[in-house]
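Read through the structure below, which is laid out as C-alpha cells, and then see the notes.
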Amino acid sequence: MLPRPWAVVEAFARQPSFLLYHAGLTLTETLLGFVFGVAAGMLVALVMWLSPLVRRGLLPVVLVTQALPVFAIAPILVLWLGFGLASKIVMAVLVIFFAVTSSFFDGLRRMDSGLADLSQLYRATRWQEMTLLRVPSAMPALASGIRIAAVFAPIGAVVGEWVGAKGGLAFIMLQSNARMQTDVMFAALFLLATMVLTLRFASDRLTRRLVSWQPED
7 MLPRPWAVVE AFARQPSFLL YHAGLTLTET LLGFVFGVAA GMLVALVMWL
57 SPLVRRGLLP VVLVTQALPV FAIAPILVLW LGFGLASKIV MAVLVIFFAV
107 TSSFFDGLRR MDSGLADLSQ LYRATRWQEM TLLRVPSAMP ALASGIRIAA
157 VFAPIGAVVG EWVGAKGGLA FIMLQSNARM QTDVMFAALF LLATMVLTLR
207 FASDRLTRRL VSWQPED
C-alpha cells in the first residue's frame, strides 16, 4: 500500500504546478492564520494584564478555545464562513491563539522583581511600566509561544481543508486517498512537512532577533 520513494518523486514531477498551486493555498492560509493568531494573542494578553476586570471575562473564553477539539469547531466555521480562505484562517488562529496568549501573559506577570522596584522608584505609570519594562522582559516568553505557533498553525489550516475546501494540500490528500493515488498523497504530505519545517526555521530566526540580548546554550 505504501508507494516507493521514487514513485513519490515521479508523482511530483508529473504535475508540479498542480501540487505547488495547492501548496500555495495552504501556505497562504497558514501564514495569515499565523500572523493574525500571534497578533490577537499578544493583544488579548496585554488587555488581560492591563485590566483585571477584562481578564475575568476573557480568561474563560481563552480556555474554551483550547478545550474544544478542533474537529468539532471546523465544520461550524465552514458553515459560517464558507469553503474559502476565511474558515481556514480562523481555524489556524484558534489553534495557535492559546499558546501565544498564555505564554505572553505569563511573561507579563512574571517580571523580575528588580525591574518592578525600578518602576516604583521612578514612579512610572502603568502604561510606562508595561511598554518600557514588562513587554521587553516578556519577549522570551512570547518567543516560545511564537515557536509553538509556527508548528501548529499549519494544523489548523489542514484541519479546515479536511472538513471542507476547494483546494489545498489536505484537499489533494483527501482526493488522492479516495482514488488510491498514494504516491500523490505522499507528495502532498512531503510538501506539507517541508512547509512546517520552513515556517519553524523562519520563526526561530525571527524570535532570535526579538530576544537577541538573551544568551542561548
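In terms of the numbering used here, the sequence shown is residues 7 to 223.
For glycine and all other residues, C-beta sits at the position ideal for the given N, C-alpha and C.
Just so it is clear, the structure is predicted and the values come from calculations on it, not from any experiment.
Exposed unless 16 or more other CB atoms sit within 10 angstroms - verdict on residue i
i	result
M179	buried
R215	exposed
T107	buried
E35	buried
A155	buried
A45	exposed
M186	exposed
L85	exposed
S182	buried
A163	buried
S209	buried
A19	exposed
Distance CB(residue i)-CB(residue j) smaller than 8 Å
i	j	result
D118	S93	no
G43	F110	no
A17	D189	yes
G173	L31	yes
L74	M97	no
W55	L114	yes
P9	F192	yes
L198	L25	no
R153	T213	yes
V165	A80	yes
Host alpha helix (DSSP H) of residue i (start-end)
i	result
V106	91 to 115
A17	11 to 20
R153	141 to 169
V60	58 to 73
S209	188 to 216
M136	Element bounds for M136: n/a, residue is neither H nor E.
Straight-line Cα distance separating residue j from residue i
i	j	result
M48	V68	12 Å
V14	S125	60 Å
V141	A149	12 Å
V60	A159	27 Å
V70	L52	19 Å
V202	S218	24 Å
A194	L175	6 Å
R206	F40	11 Å
E135	M145	15 Å
A78	G120	45 Å
I161	A130	42 Å
A184	L33	23 Å
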